[in-house]
Amino acid sequence: MGLDVKNLHHAILLVGMAEEADSYIRSLCSDLDIKIANNPDFFAFRTDTFGIDEARQLKSLSINKTVTGRKIFFISPVRMTLEAQNALLKTFEDPPSSTHFFLVTREEALILPTLRSRMEVMHLSQGLTLESQDAKKFLSLSVKDRLLFAKKFVAEEKNLVIFLDSLLSLLRTQDRKQKSIKAIYNIRRIVNESVSSRLVIEHLSLVL
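Each residue of the sequence shown is one higher than the last, beginning at 0 in numbering that gives the first Met the number 0.
Structure follows, in structure tokens:
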């Protein structure tokens, strides 16, 4: 189901992959006759991590007077911190007029319910993503098979961050024990390129 272009909500959650969201925002802006390139009222945040500093910057930019008549914020980070999400609550609840926020997330459950409630949700992907399928499969395996999964995961050079996000989202939607959710969240906070994917998944194989 598409968005109502004539009555566009002030905050929209786009659920899907970054590439899908990029394509969608280009199409939507074209329909609205809004230029993306060299537009002083189009702001894109495509950072690895959208944290409290980025949230404050967004808030500051949003209250500035519009030049073209409509201001668009496209927020598509790899990861958004809980602190940043909390910082955006007031901004998304009471935005300046003619201002629209588009927040991209791979999994709806990765966004705080309090922030999600202030947004119109649109799913760009149809069905489970490959990462979600991997997460679902991992949880169904025995410890022995999970360890084999870890070895194959590394061999195929899959993205650990996306896998952890999918795993976290799945556990939340399944209403799993908070201990399991916290275990993944604590790892997710410190994961970077230098962390061994195999060691992380092997650890989760034993604690989940």
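Each residue gets a CB set at the ideal place from its N, CA and C atoms; glycine is no exception. Predicted model only: the values in this text are computed from it and were never measured.
Item	Value
Can you check which of these residues, ARG187, SER131, GLU119, LYS178, is closest to ASN6 by C-alpha distance?	GLU119
Label SER195 either buried or exposed according to how many other C-beta atoms from any shown protein chain fall within 10 Å of its C-beta, with 16 as the threshold for buried.	exposed
In its own chain, which residues sit with a C-beta less than 7 Å from the C-beta of ALA108, not counting the 5 before and 5 after it?	SER168, ARG171, THR172
What would DSSP say about MET0, mapped onto helix, strand or coil?	Because the pLDDT at MET0 is just 46, under 50, the model does not fix this residue reliably, and the value given afterwards should be weighed accordingly. In the structure shown, MET0 sits in coil (DSSP, three-state: anything other than H, G, I, E or B).
What residue ranges within the region 62 to 137 form continuous beta strand (DSSP E) runs of no fewer than 3 residues, ordered along the chain?	70 to 74, 98 to 104, 119 to 122
Quick check: the Cα distance between ARG78 and THR48, rounded to an integer number of angstroms?	5 Å
Could you tell me whether the region 78 to 94 touches the region 6 to 16, using the rule of 3 or more Cβ pairs below 8 Å?	yes
For LEU12, name the three-state secondary structure that DSSP assigns.	strand
Do ARG55 and ALA86 have their C-beta atoms within less than 8 Å of each other?	yes
Could you check if SER59 is buried or exposed, using at least 16 other CB atoms within 10 Å of its CB as the buried criterion?	exposed
Put THR46 into one of helix, strand or coil per three-state DSSP.	coil
By the DSSP assignment, the alpha helix (DSSP H) with LYS34 in it spans what residues?	Here LYS34 belongs to no alpha helix (DSSP H), and DSSP marks it neither H nor E.
From the DSSP output, which residues share a beta bridge with PHE41?	ILE71
May I ask which residues mark the beginning and end of the alpha helix (DSSP H) holding GLN173?	It is not in any alpha helix (DSSP H) - GLN173 carries neither H nor E in the DSSP assignment.
For SER165 and ARG115, what's the separation of their Cα atoms in angstroms?	17 Å
Please check the pair ARG105 and ILE161, which I expect to be a contact at CB under 8 Å, by giving their CB distance rounded to whole angstroms.	7 Å
How close, in whole Å, do the beta carbons of VAL103 and ILE74 come, if the pair is a contact with beta carbons under 8 Å?	7 Å
Just reading off the alpha helix (DSSP H) that GLU201 is part of, what are its end residues?	196 to 206
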